[in-house]
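S.K.: With mature numbering (1 follows the signal peptide of the UniProt record, and there is no 0) as the guide, the letters of the sequence shown map in order to residues -25 to -1, 1 to 146.
From the three backbone atoms N, C-alpha and C, an ideal C-beta is built for every residue, glycine too.
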Amino acid sequence: MIKNILLLIISAFFFIACSSKNNIANNTDLNYPSASLQNTILKNQKEENSINKNFAKFYKEWRGVKYKFGGNSKRGIDCSAFIQKAYKQTLNINIPRTTLQQSKKGKNIRKSQLKSGDLVFFKTGKNSRHVGIYTENGKFMHASSKKGVTISRLDNVYFNKHYWKSQRILD
């Protein structure tokens, strides 16, 4: 009698387990995004790649230009003027001239949400701010007071310590 009950329990478990596996394997909604979501993801990736290429071209044109507080030409440029020019020449978008004004534009986002073209801000002193444009892979381009127009990493000890916030200008 006990043998029969044990055999019945084992058989029931086997059929239930097999049944569950088949239902999960056949339910693609649990494993894959819908076709429309996949299309949206691909579209966003293409847009981000295009934005990144445009900013990369702009950066090549300005790379190495020395930093000059209040400057806005290739004879010398400060961080906020560099950002203003990059947005105007690359995307035909007008943004304010100062870092503080720029920090109030767009939508505040988390550092983990950064995409190409987002602005990254740093508090570099009691009343001083710095801004750059996020490119990709933890990097951003900016007009550095030490190196001029350059690309730096967000995880650099200095920038990581002084990171303030990020803003998305592009929707």
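1) Please go through the region 48 to 113 and give each complete alpha helix (DSSP H) segment of 4 or more residues, from N-terminal end onward.
2) Using three-state DSSP, classify Ser141 as helix, strand or coil.
3) Could you check where the beta strand (DSSP E) with Arg128 kicks off and where it finishes?
4) Going straight from the alpha carbon of Phe57 to that of His117, what length do you get?
5) Starting from the C-beta of Asp146, find all residues in its chain whose C-beta is less than 7 Å away, skip the five residues before and the five after it, and write them out in chain order.
6) Please name the residue or residues paired with Ala31 in a DSSP beta bridge.
7) Is Phe115 helix, strand or coil by DSSP?
M.R.: Working from what's here:
1) Given a length threshold of 4 residues, each whole run of the alpha helix (DSSP H) inside the region 48 to 113 is given here in chain order: 54 to 66, 74 to 77.
2) Looking at Ser141 - three-state DSSP - the assignment turns out to be strand.
3) 123 to 128 is the extent of the beta strand (DSSP E) around Arg128.
4) Taking the straight line joining both Cα atoms gives about 7 Å.
5) Answer for Asp146: no residue qualifies.
6) Beta-bridge pairing links Ala31 to no other residue.
7) Reduced to three states, the DSSP call for Phe115 is strand.
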